[in-house]
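Each remark here refers to the structure printed beneath this line.
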Amino acid sequence: MFESVQQLASGFTIATTFYNLFYCLIGAIVGTLIGVLPGIGPIAGIALLIPATFGLHPTSAIIMLAGIYYGAMYGGSTTSILLNVPGETASVITCIDGYQMAQKGRAGPALAICAIGSFIAGTIGLFGLVFLAPPLAEAALAFGPPEYFSLMVFGFIVLSNVTGTSLTKSLMMAIVGLIIGTIGLDPVTGDARFTFGSVSFLGGIEFVAVAIGLFGIAEVLTNVEKPLEMLEQRVIVPRLRELYPSLQDLKKSITPILRGTGIGFGVGLVPGPAPVIATYSSYMIERKISKHPEEFGKGAIEGVAGPESANNSASQSAFIPLFVLGIPFAPPTAILLGALLIHGVTPGPLLISQHPELFWGVIASMYIGNFILLILNLPFVPLFANILRIPKKILLPLIILFCITGQYTVNNSVFDIGIMLLFGALGFLMRKWAYEGAPLLLALVLGPRLEVAFRQSLMISHGDFGFFINRPISMVFLLATVLFLVIPLIRMTLKKQRRGEVKQ
Amino acid sequence: MNRYEMAGGMVLFLFGAITALLSLRMPIGTFRMAGAGLFPLCLGILLMVLSGIFLLRFLLKKWQSVKKEEFPSEIPGSAMQVLFFMGTMILATFFFKILGYPLVSFLLMVALLRILGMKQWPFNISLSLITAIASYFLFVQWLKIPLPKGWIGL
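Which chain is which? The protein sequence lines are A and B, in order.
The numbering of the first sequence is my numbering, which starts it at 137 and goes up by one.
The numbering of the second sequence is my numbering, which starts it at -19 and goes up by one.
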């Protein structure tokens, strides 16, 4: 433990260099803007800005991209409270009581509690990360190809279970992602697959293009489809002096903040859209244990404090599986995995020992980033709120121009812009047909690693599938996977039976 | 489940079938020494099975609980807006290298603003011009990104 503290101190030395502080600040500001602006979420935001980090040292690059991620989590709450439009999915819950508070002229305290709660959650989450990541990394050294394969399968099943309306549909999307991931050269034999004789396909499908298409372009197209008059909304802009919460507000919020932090941290460690589940769970728990549950939905500050803290804490602990196992459990961390690989860093159990400057530097920068966001968010809320006044008919073309330019800079390839547009159209249709994009993206990023782990396991075991069950850790993951598949089926059958009994 | 979701299921079934068929043209190998086609073949079959189950469940309901959502015979105005938007982006991509970044960004902005209802030409053109110049200075001059110059040579 003492070693971790020492390493963290060295991380602070790295994070407080002029350049790293600068990139942390840029990441926090850009992230907040991305979170504030409806139409571009953290996934598309991070994907878009990966090319801007090409010239940077990997540590500075990841510091900036991580800053965008948690900055977006902060910023997302602003639109939820002021506009009743969540800037990103994790802020949906904040709309319920946050907007009601704004309607009652209490937008300032709601925003302030969001920032304070997020800061406290970020601080506690950081300590969790510091003390949990190194021992987990050591444990993960025992993982071989079958364990990685089973863990990834488990991740897909859990993610598919918790996203969207149907497990079958989410699983189908994950398989589509895996199939798209096989395009290009076979990682083992080097044979070309699904390239149709084109050189452009040999390198595979660029995941940045898929991410921007599915989450950026598709969101813009969804907005374009709405009637023009619906694109503009009234923005409530609080004054600076109205931002300070009362002592009573703080008293009411402190326990929901601490509870939200705990819930968020735990949820962030398991596969799935952690911030979304964490905010929802925190809101439900706060409402259940509240002495005045009737106030929820009418502007209860606890309904803002708990979920916002859970949101920030979950996005922080989501870095643990990414850094320690090299396996992202959610799309934003999947994009960060892609960014790490682009910068020549392979996350996994050896990351802490092989790249301590990156691991501890990024962790320390997260704390600094949280502090920057606390300072930034409160006084600049009126400014961010004014950005929301930019009409969408101007904002949407600007986002498109930025998407096209950003995508071209990844590989200087017009072909990649075409891929981005194709996935944009696909993402738009998927939204209409209620198919989730998150499992597809995660499968695309993890697909090649899953395939290699699968084939290596079978090579080691001479084609024996029992190998996956004979290894204890792998068996635990596979058993958990089966449980996740079977439990919803049992529940559904029981529900049907009950309905049948009621009818009889 | 509605008919749009069913259409999605059909597309996925077809996608799985095509993947499986194309995989069969590659070396399959054995489980001990898998060829390039084995993994995508398994995925294609799995997708066919899942989408098959999905479609079967839909058919078993025999349209009873299906929401009566008909495919529209005419494309609504808002959908036309999406089509125009998408078409403009495809055109911009096609002419990206030929016309060059500054000109494409200007024309793209003019067209997209117009589609979204910016009908005053002077405002539309000046806003597009400012955006094109600003993005040119940001990406080409400041960030030194080698964007296509096209025939205007900028």
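Glycine residues also receive a C-beta, built at the ideal position from the N, C-alpha and C atoms.
Quantities reported herein were computed from a predicted structural model and do not represent experimental measurements.
- Between isoleucine 170/A and isoleucine 217/A, the C-beta spacing is not below 8 Å.
- Contact annotation: proline 468/A and isoleucine 179/A have beta-carbon atoms nearer than 8 Å.
- In this structure, the alpha-carbon of serine 106/B lies about 28 Å from that of asparagine 548/A.
- Assigned with DSSP and collapsed to three states, leucine 473/A falls in helix.
- Nearest CB-CB separation between tyrosine 116/B and chain A: not below the 8 Å threshold.
- Per DSSP, reduced to three states, the secondary structure at arginine 329/A is strand.
- Not a single CB atom of chain A sits nearer than 8 Å to the CB of isoleucine 78/B.
- Bounds of any alpha helix (DSSP H) do not take in phenylalanine 119/B, whose DSSP letter is neither H nor E.
- Secondary structure note for threonine 545/A: its alpha helix (DSSP H) is the uninterrupted segment 528 to 547.
- Residues of the segment 611 to 625 of chain A that bring their beta carbon within less than 8 Å of a beta carbon in chain B are absent altogether.
- Here threonine 358/A has Phe564, Arg567 as same chain residues with Cβ atoms under 8 Å from its own Cβ, once five neighbours each way along the sequence are excluded.
- It is roughly 18 Å from the alpha-carbon of glutamate -15/B to the alpha-carbon of alanine 354/A.
- The beta-carbon distance between tyrosine 416/A and glycine 439/A, rounded to whole angstroms, is 12 Å. This is too long to meet the 8 Å contact definition.
- In this structure, phenylalanine 11/B lies near glycine 599/A, with their beta-carbon atoms less than 8 Å apart.
- Exposure of glutamate 637/A is indicated by the presence of fewer than 16 other C-beta atoms within 10 angstroms of its C-beta.
- Using a CB distance cut-off of 8 Å, phenylalanine -5/B counts as an interface residue toward chain A.
- In the DSSP assignment, no residue is bridged to glycine 396/A.
- In this chain, the alpha helix (DSSP H) harbouring glutamine 239/A covers 228 to 239.
- When beta bridges are read from the DSSP output, leucine 321/A appears opposite Ala328/A.
- Taking the Cβ atoms as the reference, serine 501/A lies roughly 4 Å from alanine 151/A, within the contact range of under 8 Å.
- Of the residues Gly24/B, Gly17/B, Leu93/B, Ala112/B, the one whose Cα lies closest to the Cα of valine 312/A is Gly24/B.
- Asp322, Thr325, Asp327, Arg329, Phe330: these are the residues of the segment 321 to 351 of chain A whose beta carbon lies less than 7 Å from some beta carbon of chain B, given in chain order.
- Under the 8 Å criterion on CB atoms, asparagine 297/A is classed as non-interfacial with respect to chain B.
- When DSSP states are grouped into helix, strand and coil, alanine 454/A belongs to the coil group.
- Under the 8 Å criterion on CB atoms, leucine 1/B is classed as non-interfacial with respect to chain A.
- Listed along chain B are Ser58, Ala59, Gln61, Val62, each with a C-beta nearer than 8 Å to that of glutamate 361/A.
- Taking a Cβ-Cβ threshold of 8 Å, the residues of chain A close to serine 31/B are Met308, in chain order.
- For alanine 466/A, the three-state secondary structure derived from DSSP is coil.
- For leucine -6/B, the uninterrupted alpha helix (DSSP H) run begins and ends at -17 to 4, by DSSP.
- Residue contact with chain B for valine 289/A: absent (no Cβ-Cβ distance below 8 Å to any residue of chain B).
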